[in-house]
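Have a look at the structure below, then the notes.
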Amino acid sequence: MELKTAFNPQQFLDEYWQKKPVLIRGFIADFEDPVSAEELAGLACEAELESRLICNPGENRYTLEHGPLAETRFDELGDADWTLLVQAVDQWVAEVAALRRRFDFLPNWRIEDVMVSFAAPGGSVGPHFDQYDVFLLQGSGSRHWQVGPRCDASSPSRNVNGLSLLEQFQSQYSARLEPGDVLYLPPGFSHWGVGVEPGLCFSIGFRAPSMAEMLEGFSNNLIDQADPAQRYTDPRAVVPASAVEAARIDPENLQDAFNKLLQVLDNKTEFDRYFGMQVSQPRYPEQILPPTEPLQPETLADSLQQCSALLRHPASRFAWMREEKGDGLLCFVDGEAFSLPASEAQLVNTLCDLSFENLRKITQCCASQDGLDLVLKLINSGSLVLE
Ligand code: SIN
Ligand code: CO
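Residue numbers for the sequence shown follow the working numbering, beginning at 816 and rising by one.
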């Protein structure tokens, strides 16, 4: 399972991505933690962040506490058998967000967040599987990881104080991860990490809408556009031969209704739009707030001139696609779709780039009024922030 050659992104995509786990030694050479254990503990005390503390003081004993944690909680923990996990640290620490760029061989809209965990020696969240792809990047310290077979909803698991743990864990591979090493796990592969030397692990987790989410989201979009006058009809009306026949649902009319429903669903243009909106939904939409005073179109240029920076909100998500028909562009920001002419490609590229550069000169990328309107809208929704 350990990659024997230097990491090659195309080889990784061909052989491992979504297929099988792989250990990539030295994925980042001379890796240094972009956040310290002390800073992580501080973040776990903040109400805006989602954090968990898992203690495992003995065989098969696990307790789960949700943050925010009291600062004094850390004094009680001792030096073994606990793990602190904080979600979406990339939204709070720019150096952690920069880790996302190491994974630029994958579409960036697929990245959900960077979770950071600190494990004391013996600390573990127990044997489990996750529904999503994850890269476990070892920071300082070391952790011992075991990987088992692929599991699914039918794999026996038990709920231990809110943690879903596998009843049986069959280790097929194990390795001790050192700073800069990465263990990639496709969805479903069982795994179990245990702290050896106290230290950090950076989990770059990916999002993938489930079929149920796609069905729900796409059909909700279609429902919004549905014509209430379009209803079930019975084109094959026949006088029933008996009372029993009168209660029977006619198979041909049923097929007709089913075909009509499939025709409504068979709308790729709408699906594309819906999909971009779905995958650009922010994880924490409540953190993206409009400015107290909305910016007016006539003051946009002056405000950009006077501000020191225009930044993407760290919780905001951007993605884009070319329209299937015509040459227009669709830009997706925080679950909304914006249609733009092809001439706005530079604006769309700038908005969707993962880097942190100051976007104060963004109007220079705008080729049309549509572009300027979008910039104004995004400042007024809070997705772009004037500082
Ligand atoms: C950890 O960071 O210890 C747990 C991450 C995981 O197993 O998904
Ligand atoms: Co996991």
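Glycine included, every Cβ here is placed at the ideal spot set by N, Cα and C.
It should be emphasised that the depicted structure is a prediction, and the values quoted were computed from it without experimental measurement.
The secondary-structure analysis by DSSP pairs residue 961 across a beta bridge with 989, 1007. Take residue 959, set aside five residues on each side of it, and the residues of its chain with a beta-carbon closer than 6 Å to its own are 991, 1009, 1011, in chain order. In the DSSP assignment, residue 974 falls within the unbroken beta strand (DSSP E) covering 972 to 975. The closest heavy atom of the ligand CO lies 6 Å or more from the beta carbon of residue 928. When C-beta atoms of the region 1017 to 1024 are compared with those of the region 1044 to 1051, fewer than three pairs fall below 8 Å, so the two segments do not count as touching. Put simply, the residues with a CB less than 6 Å from any heavy atom of the ligand CO are 943, 945, 1006, in chain order. By the C-beta density criterion, residue 1157 is exposed, having fewer than 16 other C-beta atoms within 10 angstroms. When DSSP assignments are scanned along the region 1108 to 1196, the uninterrupted stretches of beta strand (DSSP E) that are 3 or more residues long and fall wholly within it turn out to be 1125 to 1127, 1133 to 1137, 1144 to 1148, 1151 to 1155. Per the coordinates, the alpha-carbon of residue 816 lies some 14 Å from the alpha-carbon of residue 1005. Across the structure, residue 899 and residue 1090 are spaced so that their CA atoms are roughly 34 Å apart.
Relative to residue 1198, the option among 1097, 971, 1003, 821 whose CA is nearest is 1097. Per DSSP, the continuous beta strand (DSSP E) segment holding residue 928 begins and ends at 926 to 934.
Ranked by Cα distance from residue 1107, the first of 957, 1196, 967 is 1196. By the beta-carbon neighbour count (other beta carbons within 10 angstroms, threshold 16), residue 953 is buried. At the C-beta level, residue 850 and residue 911 come within 7 Å of one another. DSSP, reduced to helix, strand and coil, places residue 877 outside both helices and strands of the structure shown, so it counts as coil. Residue 1149 and residue 1194 have their C-alpha atoms roughly 12 Å apart. Taking the Cα of residue 1155 as reference, the smallest distance to any Cα among 1172, 1181, 873, 855 is reached at 1181.
A straight line joining the alpha-carbon of residue 1073 with that of residue 876 spans about 52 Å.
Distances between the C-beta of residue 911 and the heavy atoms of the ligand SIN are all 6 Å or more.
When secondary structure is reduced to three states using DSSP, residue 887 falls in the helix class.
In this structure the region 993 to 1005 touches the region 827 to 834; the number of beta carbon pairs closer than 8 Å is three or more. A Cβ-Cβ separation of about 42 Å leaves residue 1035 out of contact with residue 938 under the 8 Å criterion.
For residue 898, the Cβ falls inside the 6 Å cut-off from some heavy atom of the ligand SIN. For residue 851, the three-state secondary structure derived from DSSP is coil.
Residue 1179 and residue 822 have their alpha carbons spaced roughly 38 Å apart. For residue 953, the enclosing beta strand (DSSP E) has its first and last residue at 949 to 953. By the neighbour-count criterion, in which 16 or more other beta carbons inside 10 Å mark a residue as buried, residue 881 falls on the exposed side. Residue burial annotation: residue 1030 is exposed, with fewer than 16 other C-beta atoms found within 10 angstroms of its C-beta. Exposure of residue 1064 is indicated by the presence of fewer than 16 other C-beta atoms within 10 angstroms of its C-beta.
Around residue 1102, the same chain offers 1130 as residues with beta carbons nearer than 6 Å, after the five sequence neighbours per side are excluded.
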